[in-house]
Each structure stands twice: as structure tokens, then as C-alpha cells.
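What follows is a single structure, written as C-alpha cells, with notes after it.
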Amino acid sequence: MLVGLFIPCYINQLYPQVGKATLELLEKLNVEVVYPSGQTCCGQPMANSGYEYESLGTCTNFVEKFKEFDYIVTPSGSCAYHVKKHYDILPESEEVTKVRNNIYELCDFLVNVLKVKNVGARFPYKVGIHKSCHGLRGLRLGSCSEKVTETYSYIGELLNEVTDVEIIELTRPDECCGFGGTFAVTEEAISVKMGKDRVQDHLDNGAEVITATDTSCLMHLEGLVTRNKQPLKIRHIAEILNSIE
Amino acid sequence: MNSRENILSRIAANKPDLLELPKVNPDVFIDGKNIIDEFTKKVEIAGGNLFEVVSNEDLISQVITMFPEAKINFSTLKGTESFNTLSVDANKAPQDFEDLDILILESNLGVAENGAVWLPDNNMPMRVLPFIAKHLVIALKKEAIVTFMHQGYQKLASEGTDFGVFISGPSKTADIEQSLVIGAHGALSLSVFLM
Amino acid sequence: MSHSKAASIFNKDEKKVNWHDKALWFVRHKRDKSTHTVAGWEELRNLGHGIKAHTLSNLDTYLIQFEENALKNGIQVHWAADGDEHNRIVHSILKEHHAKKVVKSKSMLTEECHLNPFLEADGIEVIDTDLGERIVQLAKEPPSHIVLPAIHKTKEEVDELFQEHLGTKPCDGDPQYLTGEARKHLREKFIQADAAITGVNFAIADTGGIVVCTNEGNADMGAHIAPVHIACMGVEKLIPKQEHLGVFLRLLARSATGQHITTYSSHFKKPREGAKMHIVIVDNGRTEQLSRPDFRASLHCIRCGACMNTCPIYRRSGGHSYDATIPGPIGSILSPGKDLKKHSSLPFASTLCGSCSDVCPVKIDIHAQLYKWRQIITKETPQPFVKKTSMKMMGNIFSKPMQFNKVGGIARWSLRNLPKGVINSKPNVWGKGRDLPIGPKESFDTWYKNRKKDE
Chain A
1 MLVGLFIPCY INQLYPQVGK ATLELLEKLN VEVVYPSGQT CCGQPMANSG YEYESLGTCT
61 NFVEKFKEFD YIVTPSGSCA YHVKKHYDIL PESEEVTKVR NNIYELCDFL VNVLKVKNVG
121 ARFPYKVGIH KSCHGLRGLR LGSCSEKVTE TYSYIGELLN EVTDVEIIEL TRPDECCGFG
181 GTFAVTEEAI SVKMGKDRVQ DHLDNGAEVI TATDTSCLMH LEGLVTRNKQ PLKIRHIAEI
241 LNSIE
Chain B
1 MNSRENILSR IAANKPDLLE LPKVNPDVFI DGKNIIDEFT KKVEIAGGNL FEVVSNEDLI
61 SQVITMFPEA KINFSTLKGT ESFNTLSVDA NKAPQDFEDL DILILESNLG VAENGAVWLP
121 DNNMPMRVLP FIAKHLVIAL KKEAIVTFMH QGYQKLASEG TDFGVFISGP SKTADIEQSL
181 VIGAHGALSL SVFLM
Chain C
1 MSHSKAASIF NKDEKKVNWH DKALWFVRHK RDKSTHTVAG WEELRNLGHG IKAHTLSNLD
61 TYLIQFEENA LKNGIQVHWA ADGDEHNRIV HSILKEHHAK KVVKSKSMLT EECHLNPFLE
121 ADGIEVIDTD LGERIVQLAK EPPSHIVLPA IHKTKEEVDE LFQEHLGTKP CDGDPQYLTG
181 EARKHLREKF IQADAAITGV NFAIADTGGI VVCTNEGNAD MGAHIAPVHI ACMGVEKLIP
241 KQEHLGVFLR LLARSATGQH ITTYSSHFKK PREGAKMHIV IVDNGRTEQL SRPDFRASLH
301 CIRCGACMNT CPIYRRSGGH SYDATIPGPI GSILSPGKDL KKHSSLPFAS TLCGSCSDVC
361 PVKIDIHAQL YKWRQIITKE TPQPFVKKTS MKMMGNIFSK PMQFNKVGGI ARWSLRNLPK
421 GVINSKPNVW GKGRDLPIGP KESFDTWYKN RKKDE
């Protein structure tokens, strides 16, 4: 099994530690993993802004770089969802279909492909899980509060096995943080307000750390926490799972 | 082309290919709940009161105790004529019942999942009555309660009602700051008497 | 005004935003509590979706069947191609009956057609009888929500309005007292009404009957007292058979308010003795929406308002920020179909979080349709130069890995080295309320390549 590691554009440039943690974690679990050079972005920033057609080159590059792998793993539910859901703008080919079928968000890959839950991590903090929307309602990485189904959460199941971690319950278990790509800028007032409310929910319930499957949500929440000098740390789930504190 | 033809032809041109009509299988909703308990609970959740009685006379005497100040009363139950203080006949206008205090009607169908009772207009001498009366009282036989709306409509399929209403609880509103207030335009209270 | 502008104005009063958000979240929470006790809820949603999809695929036949049965039942049926024709039909029915005083129960369709001002221009008094609608009518505002029209008003505001218009005593916004006074005021209107107008929740093809759902009983108080009842419906209100009400009445109230059914679900089939009943069937853009494969499922909507209650943006921007008859997520996929330019900001008033689609009782893929409208809007309406060029640039950079690395390097350097004041200066909207990350020295890409070299 050869895994291609996709490190989304903003993680690559702004949060390399999330990429490192993902890679190290996969290697620890004896996965043969390669980071194909020349990868950039999944195309989502343009597409969600209504410029799908400007993302064609980006998507083509993505398929080109990842078509050889058995699995594509990425520390982002949002990007994985975008490739799965919206790569219908590319002419349908065997390669495109393969890439769309084989891309996995990290937690999904651990729980459902590797079938591991305990990755041997230790993280002695009270952690609140922010359930990033595209992973949750797009990829169904967990049960959604709107739907009447059995309860489950891949990120929760993994975190639950981490030594000394305490998972805190939120008042609103899966409300959006308000990032939303260019929404964060075009609807600045609402975006900031949504983020503030998410942060407050974590604080009210005693979280010391907020984690999520998506760095984009976390970048937004971190921006608020830093600006407002709030006592919260922000960690991507890969960083926690790779942690031996 | 008039608007009717215009609309119909546009639909014919714009609609997708015929899609199958799904079959409703009520069995998938079976939840094993006790039907009378569930009905009782749902009537109360909807803001109604529920009592058990053995006879029409029993029902009337309880109603009289419940509403000692009521002056204008009307019931369609058999053997309760002495309770009535007015008659409902064709000469009267709906407005004439504005001061009706208590109305007692019979229902032949109750639905456990939501506490609703069905009132067809052949069970009431005038359509406005259950809405204009201050206090609505319903007599319902336990055997007339079904589990879900699906079974309710199965029962209604053979009835050719000109007007009918499912009523669940008294009239209510929460339009001012989401505060529930009982008694908007219709009945101020609803009491269901199970027999 | 664009949605974002209206939303930022609404957000100037954070306390009010919190209050509005909590009021609607409370409704969403009640919805969860009641739906989670229904075994087979998801199957019920599938049925709701399937029945509506089927009905639309055979809508002309069902409308003809409905009309035929309604006529047999002694109801007069009228057809209106647009809002203007709808208004003229209603007006002429009222004229024919010399009706001067009209009571109206909730109907989003008559809002959409602007019926009230049309009738009022001819001296006809139209009283909205749903309490929430009466409140906004007195305030001369449109409803801000389709189920809770006055959800944006505090009880103190209602108190003041009623003092001014109904002569009530000051009461610190006591809902019990205010509702009681409204009851008295509207009871008089019901008794005196010459005609009643209602909306339609469901129209049943095989019986020719209609169903109207209310909690207050206002539709029935109007329709059973006035000598004329006019029911106005969009073409999409049809369902094939009466038994299908079993599905929709189970879905509707639970999704809307968390009730297991509305207090009154009234089934009108024939006019009462001595009274007249009319049904006006309206298109007003619906058949055009039917022609759009990506968007026709928006016509499944049963107007429960659940997508508004769940929408984190709606809750924090208020219904009026959408400047459309139907606000919120469902409105944002319906409105562009009517006027793409006017409503072009609405599909962007979303993070595409998908909560609306999951809460929808008839499984409309609302967030997927928002995404699709965005693709159309950027092509068919004028876009800001900056947005257009930056998207093109971004598309270019991401297609060429070398450029991506170069631009990424510059961005990281700037974030690391420029003073905060420069980074957060005005053109950076992000920085108004949030910090940007500190740019790391090394990208993942560089780190990985160096690590490989070291191996």
C-alpha cells in the first residue's frame, strides 16, 4: 500500500508543523508514505468563491501528482471533500475517478483503512473537538446533530484512546466556526461573530485546547484567540495524535 | 393562451422525466411504544388535559365541575341534551356563537404520536364551533386511537369528509419572544375524555 | 444592499445578535428533541423528498386532476401566471362580493405577490391575523422569518407597538397580556370580516382538497366565519394523495417548531353551506425554476423554516438582512431564480456548512445549490474587479508548483517580518478582528526536501 500525502496549500505555507505531524504519525504506524513534489492546492478556494472554472489547472495538477497512489491522505476534511465532491468539473477519466475514490481525511484513514484507534499518544489536557463542517456533513466523519442516526465520531474515537486526555462536551456540538473560505473576508462581521461564539463555547465548558480535522477552521479560531488574548491552545488533531508529551 | 394553459404547458415542457412515487410502508416506523400512554403524553405536551371516564354522564358532571362559571354550553353527545343552553340550527350565523363557553364533541379518531383528534364536520353542526368555543371538550373511545398519522389516514380514506380538522391541544402562539401563550384565537383549553 | 453589508449593520448590536441567535437556536433545539423520538425519521425524510420529486415530475397532470376535483367539490379555481395577475384575481373576487374587510392568515405567497398594498390601494382593509404577522404589519415591516414572522422583535418592542396601535396598557412586555389583547382585537376583526384569505400548506390532487396548518386557529376563524374564503397557493403545493399527508404532517411541525403536529391541521374540501370558496393557483417563477435541473428540488420546500433556525448566519444576521420574501438558506436558493442580479450576494451568505440540508425535512440539497448558484453568479453578473483578478491569479499560481512555492515564500516572509500595524492595516479585512498566523521560516515542502536530502 503506497500512500500519497497531500498537504493543503495553507498548511504547507503557514502550518508546516501539521504536515510534519501527519507524516510522522503515518510513518510511526508503518505506512509507506510519499509526499509527491509539485503539489499545490485542491482548487477549493476558487471553486467555493464561484470560480470553479479558474480552478481547472489546479485540479488537473492535483490529479497528475496523485494518480499513482493507492490512497491519498490529507490532514483536511475540507480538501478531501472538495476532491470527492467537486472534481466532476474535470473530464471523467479512470485517473480522476481513482483519485476521487482514494482520497481520505487523516482520521477517516486511520479508523477505516488502517483500522487503528490507539496510536500511542499522550496529551494531558482538556480538549474540545471542533467538528469541521465539510468533514462532518460532507464526508460524514461523525454523526451530525441534525440527523437521527447512531452517534459516532472518528476524531472522537481516536482522541478517546489518547492517554491522559480529557474530552470536554460542548453546548453546541457541531456548529460552524464561520471560516468558510472567502466568506471569512466577504462576510467579515458574521464570520468573526461565529468564531467568537465557538471559542466561547469551548471556554465555557472548560477546554484548554481546541482541536479539529481542519487547519482552516483552526486558523480562524486561533486568529481570534490570539487577538483577544484568550487562554486556549489550538492544535490540529494530527499534532495531538503525534504527541507524546 | 390564458394563464391556465400557459402554466400547464410550461410545466409540461420544464418537468423532468417521470420519477417513481415511493410507497409508504408504515411498518418502518414501529417503535413499540404503548399507544394509550403515548397518546396521553402527547395530549399533555400539546397543552391539553386528559381524563378517563366511563360514561357520557360521568363526562358531563366532570366538565361542570371543571368550568363552574360556564353559562353557554353545547354538546353533541348522546343523552347530554340537558347540558345544552342553546341550539345550533341553520338559521344561525357563525358569529352567533361568539360567547360559547363549552363545546363537547365526539371524535372517532385519535393519533398517539401527536395527541391529535380528528373532527369531521358531520360530527359538528357548524364548522366554526371548535374554534370559536372557549373550552373544547372531546370524547374519544380508546379503540379509536391509532399509532401514527399513516394509520389515521388509512381510516379516513373511506370517509368523504367535506371539512375536517386534526386538533392537538388548545390554540397557542409563541410569536412574542418564543414565550408560549395558550389561547391565541381558538379554544383556551382542550380536554380529551377517554372512554 | 448586499447581505454582508446588512449583516454587519445588524452586528453592531452584539447583545441583540446574541438574543436573536439564542431565540432561534432554542427552536432548533426543540426540533431536535422532537425528531429524535421518531423512529424512522430519516426514512420519513426520504419519503418526503421522493413524493415531492415525483409530484414535480408529473405536476401538470396533478394540477389538472386537482382542479377537476376541486370544481366538482364546488370550489372555484383560478390560475395566475404572476404576482400581478394573482393580485388582480383576488381583488376581483373581493369586488364581486363587495368585500371591504378582509382577514388573512399566514401566506408567504401573498407576501411574495405584495397583495396587501395592492388591495389597500383600493380601500380594502387587510388584517394579518397570525399574531406574529399582525405585529410586523403594525410595525410596517416585512416578516423576518417564514414561521416566526416577528422573531426579531423583543417583547418590549411589541408592548410599545400595541400601546400605540391597540391602546394597551404598558406591561413590561408581558406576552400573556399582549396575546390576550391581540385576541380581543382580532376577534372583532374575524366577526366583522367580509372575506378570509388563507395560504395553503398542501393541495391534494385526488380529493381536490387543501390543508392549512396553524397553531393559533386564525385560518379557521377567518374561513368559517366570513362568507368568502380565498386560498392562495403556488403550483408546487400539490401532493398526489391524501395518504401522503401522513408523511408531510409528521415532518412539518416537528421541523418547524418541535411540536409533534400543529394545533390545527384543517382539511378543506367543500365550501360550507351558503359560503363561497376560491382557490388561486400561482406560478410566479415556479415553472422557470422547474426547468433548472440543479435547482428544481428547491420547489420541494414545505416552508417549515428549519433551515433558518439552524443556519448560523441567519441566526446572526436576522431575516431582514436577506432583503427577500423568503430569507435564510432556502430563500438564498429560491431568490436568485427570480432576480439573479438583485439577489446575487445571497448564495455567498453561507459557509456551506451543510446544516440546512441535513435539517431539511424534504432533503433539499440547499448547500449544494448555493455552491452551484455561486458558479452561475460569477459568470452572469458583474463581479468586483479585485475578486475576479485575484481568483484568476490564484488559479494560475496553484496550477504552477514553482510559482506557488515562490509566492508562498513571500507571504511567509511578510507575515514574519512586517510590523503588525502594516499586516492588519485597512485592506486586510481578515485582520480587523483576527490575527494572522506568524509566518514560519520554512514551508512543509522545503522541510520535506531537506529531510530527504539528509536521509
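Residue numbers (UniProt numbering), protein chains in the order written: chain A, 1 to 245; chain B, 1 to 195; chain C, 1 to 455. Built from N, CA and C at the ideal position, the CB exists for glycine as well.
Non-local beta-carbon contacts of residue 133/C in its own chain, meaning distances under 7 Å to residues more than five positions away in sequence, involve 106, 143, 149 in chain order. A straight-line Cα-Cα distance of about 29 Å links residue 342/C and residue 2/B.
Not flagged as an interface residue toward chain C: residue 74/A, since no C-beta distance is shorter than 8 Å.
When CB distances to chain B are screened at a threshold of 7 Å, the residues of the region 68-99 of chain C falling below it are 79, 80, 81, 85, in chain order. Between the region 317-334 of chain C and the region 205-219 of chain C there are fewer than three inter-stretch CB-CB distances shorter than 8 Å, so the stretches are not counted as touching.
Interface annotation, residue 185/A: in contact with chain C, CB-CB separation under 8 Å. Rounded to the nearest angstrom, the Cβ distance from residue 69/A to residue 111/A is 19 Å, too far for a contact under 8 Å.
For the region 212-223 of chain C, residues whose beta-carbon sits nearer than 7 Å to a beta-carbon of chain B comprise 215, 216, 217, 218, 220, 221. Taking a cut-off of 8 Å on C-beta distances, the region 8-24 of chain C does not touch the region 236-247 of chain C, as fewer than three cross pairs fall below it. For residue 210/A, there is no enclosing alpha helix (DSSP H); the residue is found in the beta strand (DSSP E) stretching over 209-212.
Annotated as distal: residue 244/A and residue 47/A, with beta-carbon spacing of 8 Å or more.
For residue 172/B, a Cβ of chain C is located within less than 8 Å of the residue's own Cβ.
At least one beta carbon of chain C lies nearer than 8 Å to the beta carbon of residue 179/A. Per the C-alpha coordinates, the member of 97/A, 125/A, 186/A positioned closest to residue 386/C is 186/A. Secondary structure within the region 191-261 of chain C: the alpha helix (DSSP H) runs of 4 or more consecutive residues, fully enclosed, are 218-223, 245-256 (chain order). If you check the CB distance, residue 207/A and residue 131/A do not come in under 8 Å.
Looking only at 56/B, 184/B, 112/B, the smallest Cα-Cα distance to residue 29/B is reached by 112/B. When DSSP states are grouped into helix, strand and coil, residue 48/B belongs to the coil group. Look at the region 3-14 of chain B: the residues with a C-beta under 7 Å from a C-beta of chain C are 3, 4, 6, 7, 8, 10, 11, 12, 14.
Counting of Cβ neighbours within 10 angstroms places residue 98/C among the exposed residues, the total staying below 16. Residue 362/C and residue 301/C do touch by the CB rule: their CB atoms are close to 7 Å apart, below 8 Å. Distances from the CA of residue 160/B to each of 372/C, 119/C, 69/C, 280/C were compared; the closest alpha carbon is that of 69/C.
Interface residue (Cβ-Cβ distance to chain C less than 8 Å): residue 45/B is classified as such. Looking at the DSSP output, residue 4/A shares a beta bridge with 34/A, 72/A. Under the 8 Å criterion on CB atoms, residue 86/B is classed as non-interfacial with respect to chain C. Against residue 110/B, chain C offers no close residue; the least beta-carbon distance is about 12 Å (beta-carbon pairs closer than 9 Å).
The alpha helix (DSSP H) runs of length 4 or more contained entirely in the UniProt domain "Cysteine-rich" (127-221) of chain A are, from start to end of the chain, 154-160, 183-186, 188-204.
The contact set of residue 18/B on chain C, defined by CB atoms closer than 7 Å, consists of 57, 58 in chain order. Around the CB of residue 61/B, fewer than 16 other CB atoms lie within 10 Å, so the residue is classed as exposed. Under a criterion of Cβ atoms nearer than 8 Å, the residues of chain C adjacent to residue 95/B are, in order, 191, 225. Taking the Cβ atoms as the reference, residue 311/C lies roughly 7 Å from residue 355/C, within the contact range of under 8 Å. For residue 122/C, no CB of chain A lies under 8 Å from its own CB, so it is not counted at the interface with that chain. Here residue 72/B is near residue 100/B, since their CB atoms are less than 8 Å apart. Residue contact with chain A for residue 36/C: present (Cβ-Cβ distance below 8 Å to some residue of chain A). By the Cβ test, the region 4-24 of chain A is in contact with the region 59-76 of chain A, since at least three Cβ pairs between them sit closer than 8 Å. At a cut-off of 4 residues, the continuous stretches assigned as alpha helix (DSSP H) that sit fully inside the region 36-115 of chain C are 41-57, 59-72, 83-96, 108-112.
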